[in-house]
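First residue of the sequence shown? That's 130 in our numbering, and the numbers climb one at a time after it.
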Amino acid sequence: MDYQNKQAARASFTDILKTKPSLEPLADSQVMQGVNIFQGLALEFALNKLERARQEGYSSTALNRGSILALAEGKQYIPRKPLPSRGPISIENKSEYPSGLPAHYPLISENQVHYMLVDAVAIDSHTTKITDVIQVEKLSLYFTIEQEKPFIEFLFGREISRQTHQFNVFVDQGDGYYKEWVIAPRFRNVNGRDAVFDEFYSHTDQIGIRFGNNIFGLIPKANSKVKVDLWLTKADIKLMPKQPLTPLYPENADDKLEFVTIGGIIGGTEAESTEEIKVNSLYYELYDDNHVFDDDYSFFIKRHYPGVLWCKVWGESEQEEMEGRMDEQWVNRVFVALYSPTDPNIAQKVEKTLKTVIPQLNRRYSLMPPEEVSFIAKIEGKIKRDIMLSDARKAIIKVLSDNYHKNSVNRKEKALKRDLYRSMNNLNIFASEDDIYIELVGTTEPQNLKQMVSIDFDASLAFLNLPTSITY
130 MDYQNKQAAR
140 ASFTDILKTK
150 PSLEPLADSQ
160 VMQGVNIFQG
170 LALEFALNKL
180 ERARQEGYSS
190 TALNRGSILA
200 LAEGKQYIPR
210 KPLPSRGPIS
220 IENKSEYPSG
230 LPAHYPLISE
240 NQVHYMLVDA
250 VAIDSHTTKI
260 TDVIQVEKLS
270 LYFTIEQEKP
280 FIEFLFGREI
290 SRQTHQFNVF
300 VDQGDGYYKE
310 WVIAPRFRNV
320 NGRDAVFDEF
330 YSHTDQIGIR
340 FGNNIFGLIP
350 KANSKVKVDL
360 WLTKADIKLM
370 PKQPLTPLYP
380 ENADDKLEFV
390 TIGGIIGGTE
400 AESTEEIKVN
410 SLYYELYDDN
420 HVFDDDYSFF
430 IKRHYPGVLW
440 CKVWGESEQE
450 EMEGRMDEQW
460 VNRVFVALYS
470 PTDPNIAQKV
480 EKTLKTVIPQ
490 LNRRYSLMPP
500 EEVSFIAKIE
510 GKIKRDIMLS
520 DARKAIIKVL
530 SDNYHKNSVN
540 RKEKALKRDL
550 YRSMNNLNIF
560 ASEDDIYIEL
570 VGTTEPQNLK
580 QMVSIDFDAS
590 LAFLNLPTSI
600 TY
């Protein structure tokens, strides 16, 4: 409310008082002037609240998470789910007999964090096998169809929804067994007999599933039972090398098997943040999960496969420049190089999605393996006398891991000395800036589009030298 409107409101209030015989003598009194000022402030406060509430109705000006989610839900936008961390472990069989474990075998760390094997593994007696684990806990939810009606919905719960990495839906329509139903976004290309469901994200911060109406998707029968198998993850949680893991159900496990991490289990990605949901939902109606605008393949790939941490896409001209020659095989070809620590088969999945979702008659896709190059960071420095050596090492390891490990979500494209010096100074563990020495050896920035630069973690840690300062 501007100054003129305030004056007009106060004058109007005084005029109203003068029309009341009992209040007319008090119209210009100090008491009524105070009441007048108070009602002006109250009106201004109410108008500000009204304006803010009105702004919550628009995606571009909304601030509250509930409002942003409601607007996104209206556009049928589904936020990105969290991705689990992943890494290698060794399984040693100390018995006289061979042993084997199924895929998705559950394990647990000393911090009570759940993990599971990615693939089945067989271990001969007195041998060690290396395999990958992901940070996932399996959980099942059960619902009952009380009434046969169109568009039945179920919500997973807020806490579960925040941790859900993926899920599968099964329905028992009285047959005595659960049959898997498949997802059909927005019930596209389905008929009334198809066993499908749609997924949505509620404004209450919950993942939900919705069944059809016998025109677009089948309605489950009354008293049908619905089972949802979920994979839950804590996302960006790390487990360092040489940490033990134990079977989740030790009473059913082979006690001669020993599980130990041999590399960092990292690379998890948090679910989409409120600000990301706000911005992405603004463009979702145009993008609609179907198109690539202005050849922005990277955005399309990372939107469909958020586990892709590194992605480069180029065409024939860039390929000719890299190879130093021309080749008719490169005409109208799109080259894609990508890396995902959580899915070794990501390239085949991406290629299938590109051909299925955005087929183009004049484009051909070539998936290229990334050319992994590394560097060694030699770091020396005197740490403060009141800093534990173990704490200093952990702090430096975290900086190197977050910024340069190939499985880090926030890995930098190239390594610069000035960035490392700045990061080390910000740790506040060194006696002074002059006590830090950093040398980078190897390839610190990509020489072509196929190269992915990351740190040689083990070699860098071997060169880490942190004597304690003896100054007083």
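Cβ atoms here follow ideal geometry from the backbone N, Cα and C, with glycine treated the same way.
8 Å Cβ cutoff met for residue i and residue j
i: proline 373; j: glycine 392; result: no
i: threonine 471; j: glycine 571; result: no
i: glutamine 205; j: lysine 363; result: no
i: serine 219; j: threonine 257; result: yes
i: aspartate 358; j: arginine 287; result: no
i: aspartate 261; j: valine 242; result: no
i: isoleucine 366; j: serine 561; result: no
i: threonine 375; j: leucine 236; result: yes
i: lysine 543; j: valine 502; result: no
i: glutamate 275; j: isoleucine 348; result: no
i: threonine 398; j: valine 300; result: no
i: leucine 146; j: methionine 161; result: yes
i: tyrosine 307; j: lysine 267; result: no
i: leucine 230; j: glycine 436; result: no
i: proline 596; j: lysine 511; result: yes
i: aspartate 380; j: isoleucine 207; result: The sequence given here places glutamate at residue 380; aspartate does not occur at that position. No, the Cβ-Cβ distance between glutamate 380 and isoleucine 207 is not below 8 Å.
Of the residues the options, the one placed nearest residue i, counting alpha carbons only
i: isoleucine 289; options: His255, Ala351 and Lys210; result: Lys210
i: valine 463; options: Gly195, Trp443, Leu347 and Ile259; result: Trp443
i: glutamine 580; options: Val538, Trp439 and Ala138; result: Trp439
i: glutamine 302; options: Ser561, Lys350, Leu361 and Ser151; result: Lys350
i: isoleucine 558; options: Glu542, Lys513 and Lys541; result: Lys513
i: phenylalanine 504; options: Glu568, Met517 and Glu414; result: Glu568
i: isoleucine 450; options: Asn577, Arg339 and Pro279; result: Before going further, note that residue 450 is glutamate rather than isoleucine in the sequence given. The shortest C-alpha separation from glutamate 450 is found at Asn577.
i: serine 402; options: Asn318, Asn177, Arg194 and Ser188; result: Arg194
i: glutamate 500; options: Gly510, Val465 and Lys484; result: Val465
i: leucine 368; options: Thr148, Ile348 and Ser530; result: Ser530
i: valine 528; options: Arg551, Gly510, Arg139 and Met517; result: Arg551
i: valine 460; options: Val479, Ser495, Gly436 and Lys481; result: Ser495
i: lysine 441; options: Asn352, Tyr426, Arg454 and Ile274; result: Tyr426
i: leucine 377; options: Ala182, His233 and Leu155; result: His233
i: valine 319; options: Gln159, His332 and Asn342; result: Asn342
i: asparagine 536; options: Lys484, Ile394 and Val479; result: Ile394
i: histidine 332; options: Arg493, Leu170 and Ala201; result: Ala201
Inter-residue spacing [alpha-carbon to alpha-carbon] between residue i and residue j
i: leucine 590; j: isoleucine 526; result: 8 Å
i: aspartate 515; j: aspartate 564; result: 16 Å
i: aspartate 383; j: serine 469; result: 32 Å
i: serine 269; j: glutamine 295; result: 12 Å
i: asparagine 594; j: proline 217; result: 27 Å
i: lysine 354; j: valine 486; result: 33 Å
i: alanine 313; j: alanine 251; result: 37 Å
i: alanine 137; j: glycine 203; result: 41 Å
i: tryptophan 310; j: alanine 324; result: 5 Å
i: proline 150; j: asparagine 165; result: 18 Å
i: phenylalanine 283; j: glycine 337; result: 5 Å
i: glutamine 168; j: leucine 152; result: 16 Å
i: alanine 588; j: threonine 573; result: 15 Å
i: glutamate 445; j: methionine 245; result: 42 Å
i: methionine 497; j: glutamine 448; result: 11 Å
i: threonine 143; j: alanine 199; result: 44 Å
i: lysine 546; j: tyrosine 566; result: 10 Å
i: serine 141; j: tyrosine 330; result: 49 Å
i: asparagine 554; j: serine 519; result: 18 Å
i: tyrosine 601; j: proline 575; result: Its pLDDT being 42, under 50, tyrosine 601 is placed unreliably in this model, and the value from its coordinates should be taken loosely. If I take the Cα positions, the gap works out to 44 Å.
i: lysine 481; j: glutamate 509; result: 48 Å
i: phenylalanine 429; j: glutamine 477; result: 15 Å
i: leucine 78; j: threonine 148; result: The first residue shown for the chain is 130 and the last is 601, placing residue 78 beyond what the model contains.
i: glutamine 458; j: arginine 432; result: 29 Å
i: glutamate 404; j: glycine 453; result: 43 Å
i: threonine 273; j: asparagine 352; result: 6 Å
Presumed contact (8 Å Cβ cut-off) between residue i and residue j, rounded CB distance
i: serine 254; j: glutamate 221; result: Serine 254 to glutamate 221, Cβ: 11 Å. No contact.
i: serine 228; j: leucine 467; result: Their Cβ separation, rounded to whole angstroms, is 36 Å, which puts serine 228 and leucine 467 out of contact at 8 Å.
i: phenylalanine 586; j: histidine 534; result: 6 Å
i: tyrosine 434; j: isoleucine 406; result: Contact doesn't hold; Cβ gap of about 18 Å is too wide.
i: alanine 506; j: leucine 549; result: 7 Å
i: phenylalanine 340; j: phenylalanine 326; result: 5 Å
i: phenylalanine 280; j: threonine 293; result: Going by Cβ atoms, the distance from phenylalanine 280 to threonine 293 rounds to 21 Å, so no, they are not a contact pair.
i: alanine 175; j: glutamine 184; result: Wrong, their Cβ atoms sit about 15 Å apart, outside the cutoff.
i: arginine 602; j: alanine 400; result: Examination of residue 602 is not possible in this model, given that the chain is present from 130 through 601 alone.
i: serine 188; j: leucine 411; result: 5 Å
Any non-hydrogen atom of the ligand MG closer than 7 Å to residue i Cβ
i: aspartate 531; result: For the structure depicted, the ligand MG is absent and the ligand set is empty, with no information on it obtainable.
- Task: Only counting runs of 4 or more residues, tell me where the alpha helix (DSSP H) segments fall wholly within the segment 358-430, in order along the chain.
- Result: 403-416
- Query: Can you list the alpha helix (DSSP H) stretches of 4 or more residues lying completely in the segment 176-260, in chain order?
  - Reply: 194-203
- Task: Mind listing, in chain order, the continuous beta strand (DSSP E) runs of no fewer than 3 residues lying wholly within the segment 300-364?
- Result: 308-312, 325-330, 336-340 and 354-361
- Query: Counting only runs that start and end within the segment 436-497, where is the beta strand (DSSP E) found for 3 or more residues in a row?
  - Reply: 439-443, 462-468 and 493-497
- What are the complete alpha helix (DSSP H) segments, minimum 4 residues, inside the segment 521-564? 546-556
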